[in-house]
């Protein structure tokens, strides 16, 4: 297929589908150019998104920073009676002997999901939603497996919109703080003991110097602070004994590009300073009334830890975000003290697999087994420390960089 052309995918009827469902198939088109689907993308995401991975300009900058070839960019659109109802943007990668279609930013966002017309998809029967995903993904040429990592359960009127999306296995939990005001968040999430603890830590930090807090949007000032954030993150990854995903030049170039004034990605940087020096920081992407925190950092100076600058920075974000019009603060996957203290929405995520070839079926089975084992290790207090030690030792011995598609999550505390 010529680059940039649109191709209609003609698929066989789904096994077990009724003749009525077969006749009511979806028109499915594939493009290798983002510009071909830009208007549909913006229309489907006009109200809300579940992840920065669903933000058009975020993906545009990602493909530019990594130099993703047009042939490896897959934008699949489904239309129902001529109306676009779903768009799935994916990148093709060669991974462990398989051609795999997966999300562009991988673990650099807390979750990701197909971009859909929620009302129309929710109105479909389970069998029809299954047909939708099969029509979109089962017949894609040039790949063995479609792997959709960390798709959140998305209930609308009691219907989980992604339940029929291929085979799946449970993943992590996604943490969000969703409130109408700070007063509501404070009343719901903090008891007397929690407030006292936060106040004590704040007093300790203020005893060390002058504390100030600020928010920066896109522009030169934001760009100038990113170096501090990545330096702090790098020190934290070394302490944890894990690979630093931001050490990859293309990853760093991508985040720098998002912070420019012309990026199209609404970046919010929240900075906590002590005597003018940044001691904690959060990088978030805004969309509508939602903030998605992708990176948090804190000074590596151990003398500051009694004042918990990271938690103090988050406290100030919560105290100020509602006045800026935000109502949801997405803190990503995996439990930390900060998320446990502030998040009232815990959303299950799943990893979804749609094999395209026999090799893809075998690869999906192996990977699902690994994900199940990984989940068991992470939930076992005896196995997790051993696994971390082994991972650190292997990284030191190999001296190899983890690929961006499989790098540790950017939101790691």
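In the numbering used here, the protein residues as written are 1297 to 1709. C-beta atoms are modelled at their ideal positions from N, C-alpha and C, and glycine is treated no differently. Owing to the predicted nature of the structure, the values given are computational and were not obtained by experimental measurement.
In this structure residue 1325 is buried. Its beta-carbon is surrounded by 16 or more other beta-carbon atoms within 10 angstroms. DSSP places residue 1583 in no alpha helix (DSSP H) but in the uninterrupted beta strand (DSSP E) bounded by 1573–1583. Residue 1550: member of the alpha helix (DSSP H) spanning 1545–1554, first to last residue. Taking C-alpha positions only, residue 1409 is separated from residue 1475 by approximately 23 Å. Contact annotation: residue 1568 and residue 1509 have beta-carbon atoms nearer than 8 Å.
Residue 1382 is not a Cβ neighbour of residue 1433, given a cutoff of 8 Å. In this structure, DSSP gives residue 1598 a helical state, which the three-state scheme calls helix.
Closest in C-alpha terms to residue 1606, from the list 1527, 1501, 1505, comes 1501. The residues 1497, 1500, 1501, 1504, in chain order, have a CB closer than 7 Å to that of residue 1603 in the same chain once the five nearest residues on each side in sequence are set aside. Distance from the Cα of residue 1527 is smallest, within the candidate group 1517, 1444, 1540, for 1540.
Note: residue 1412 is bridge-paired with 1382 in the DSSP secondary-structure output.
Assigned with DSSP and collapsed to three states, residue 1586 falls in strand. Residue 1524 sits in a helix when the DSSP states are folded into three classes. Under the Cβ criterion (8 Å, minimum of three pairs), the region 1621–1636 counts as touching the region 1469–1483.
Burial check for residue 1484: the Cβ neighbour count within 10 Å stays below 16, so the residue is exposed. Taken atom to atom, the span from the alpha-carbon of residue 1682 to that of residue 1406 is near 25 Å. The DSSP-derived three-state label of residue 1348 is helix. With fewer than 16 other Cβ atoms inside 10 Å of its own Cβ, residue 1558 counts as exposed. Excluding sequence positions up to five before and after residue 1377, its CB lies less than 6 Å from no other CB in the same chain.
Under the criterion of beta carbons closer than 8 Å, residue 1322 and residue 1358 do not qualify as touching, at roughly 27 Å.
Secondary structure note for residue 1325: it is in no alpha helix (DSSP H), and the uninterrupted beta strand (DSSP E) holding it is 1323–1327. The Cβ neighbour count for residue 1651, taken over all protein chains shown within 10 Å, is at least 16; the residue is labelled buried. Within the model, the alpha-carbon separation for residue 1360 versus residue 1589 is close to 22 Å.
At least 8 Å separates the beta-carbon of residue 1340 from that of residue 1648.
Residue 1656 and residue 1662 have their C-alpha atoms roughly 10 Å apart. Taking one beta carbon from each stretch, the region 1361–1374 and the region 1544–1552 have 3 or more pairs nearer than 8 Å; the two touch.
In its chain, beyond the 5 residues on either side, 1446, 1645, 1646, 1647 have a beta carbon closer than 6 Å to the beta carbon of residue 1467.
Sixteen is the threshold: since fewer than 16 other Cβ atoms of the shown chains lie within 10 Å of the Cβ of residue 1379, the residue is exposed. Residue environment analysis places residue 1642 among the exposed positions, since fewer than 16 neighbouring C-beta atoms fall within 10 angstroms of its C-beta.
Under the DSSP assignment, residue 1399 falls outside any beta strand (DSSP E); it carries neither an H nor an E label.
Taking all protein chains shown into account, residue 1393 has fewer than 16 neighbouring C-beta atoms within 10 Å of its C-beta and is therefore exposed. Around the CB of residue 1487, fewer than 16 other CB atoms lie within 10 Å, so the residue is classed as exposed.
Here residue 1512 is near residue 1521, since their CB atoms are less than 8 Å apart. By the criterion of a C-beta distance shorter than 6 Å, residue 1371 is surrounded in its chain by 1327, 1333, 1385, once the five residues flanking it on both sides are discounted. Cα atoms of residue 1438 and residue 1390: separation of roughly 11 Å, rounded to the nearest angstrom. Under DSSP, the beta-bridge partners assigned to residue 1511 are 1566.
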